[in-house]
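Since the structure comes first, as structure tokens, the remarks are kept for the end.
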Amino acid sequence: MVRIRKRLKQGFTLVELMIVVAIVGVLAVLAVYGVRKYIANAKTAEAKNSLGQIGKDAVTAFEGERMEATVITPGTSTAVIRKTCGTASKAVPASGSMALLQGKKYQSAKLDWSPENDVKLNRGFPCLKFEMTAPQYYSYMYNGGDVAGTDEEGKAISATAIGDLSGDGALFSTFTMNGKIQEGRLTIAPSIDEVSPEE
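All you need for my numbering is the position in the sequence shown, starting with 1, plus 15.
Structure below.
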């Protein structure tokens, strides 16, 4: 008679289980860090895209042909005027309202982007034809080189986005788009300055 011995299957040892748990723990920590970094980068995309659009709008406004609002005498001509949009009268939301953005999104109103005086004087965001309709993480400000705009060679313009993604109220992330009038054209910097982008 032949005896068949069955070999019992053994389970995992405690050491093997601890190694697996440690590996899973390390992977979980790395995943959480990666997801946080991904979310922060997604939030900063708002500022970069908006400032890029403001830069394009500033160039479009500068290149638009304007003329003096006077009647031209027959047989004469008038020069085309090219100048930047004047500086916006306030940030959106206003500079003192950073508490509205601490780790939160702010829904701006149409009036935030189009204050009556800016509309009348065709400066700031109304001149750029820029406004945001979706909730925003950042406060935006535009500086046109002069209150009324400028065509002066070498004058600089800028647009800035300031936000507080971490919600700590202590350190803010700042993005700045710069431009300059050179050789009669408004040129925009190829990249955006970033200070503490994920803060």
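C-beta atoms are modelled at their ideal positions from N, C-alpha and C, and glycine is treated no differently. None of the values given here were measured: they were computed from a predicted structure.
Item: Span of the alpha helix (DSSP H) around N193; Value: Segment 188–197 is the beta strand (DSSP E) holding N193; no alpha helix (DSSP H) there.
Item: Distance CB(A174)-CB(T191) smaller than 9 Å; Value: yes
Item: Beta-ladder partner(s) of Q117, from DSSP; Value: D179
Item: Delimiting residues of the beta strand (DSSP E) encompassing S154; Value: 153–158
Item: Straight-line Cα distance separating T165 from Y3; Value: Residue numbering for the chain in the displayed model covers 16 to 214; residue 3 lies beyond these limits and cannot be assessed.
Item: Any chain B beta carbon closer than 9 Å to A124; Value: Absent from the structure: chain B. Only one protein chain is present.
Item: With 16 other Cβ atoms within 10 Å as the buried cut-off, status of I203; Value: buried
Item: Bridge-paired residues (DSSP) for I38; Value: Paired residues: none, contrary to the question.
Item: A103 and F140 closer than 9 Å at C-beta; Value: yes
Item: I172 - partner residues in DSSP beta bridges; Value: G194
Item: Proximity winner among Q151, T88, L29, A57, relative to Y121 (alpha-carbon distances); Value: Q151
Item: Integer Cβ distance of A149 from L66, believed to fall under 8 Å; Value: Not a contact, Cβ separation roughly 15 Å.
Item: Classification of T59 by the beta-carbon crowding that lies within 10 angstroms, buried from 16 upward; Value: buried
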